[in-house]
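In the working numbering, the protein residues as written are 139 to 188.
C-beta atoms are modelled at their ideal positions from N, C-alpha and C, and glycine is treated no differently.
Please read these numbers as outputs of a predicted model, since none were measured by experiment.
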Amino acid sequence: MKYHQPDGRWYEQTEAEVWFASTQTAERAGFVEAGSKASVEATAAKEEDK
Numbered sequence: 139m140k141y142h143q144p145d146g147r148w149y150e151q152t153e154a155e156v157w158f159a160s161t162q163t164a165e166r167a168g169f170v171e172a173g174s175k176a177s178v179e180a181t182a183a184k185e186e187d188k
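See the structure below:
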């Protein structure tokens, strides 16, 4: 799952289902920052599983 930073491109268009107080909290919960290398790799892995 991905999280968006307030200054991110899609932040305003995203309807959040959960909120985190910090980046660290989001990452400890298993989220990756949208647009990050980890996010791109996770998306690619999902596509390979199809």
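Are residue i and residue j close, meaning C-beta to C-beta below 8 angstroms?
i	j	result
Glu171	Tyr141	yes
Gly146	Gly168	no
State the Cα-Cα distance for the pair residue i and residue j, rounded to the nearest angstrom.
i	j	result
Ser160	Ala183	26 angstroms
Ala180	Met139	9 angstroms
Thr163	Thr152	19 angstroms
Ala154	Pro144	12 angstroms
Which same chain residues, not among the five before or five after residue i, have their C-beta less than 7 angstroms away from its C-beta?
i	result
Ser177	Lys140, Val170, Glu171
Excluding the five sequence neighbours on either side, which residues of its own chain have a C-beta within less than 6 angstroms of the C-beta of residue i, listed in chain order?
i	result
Phe158	Ala164
Enumerated in chain order, which unbroken segments of the alpha helix (DSSP H) with a length of 4 residues or greater are wholly contained in the segment 146-184? 161-166
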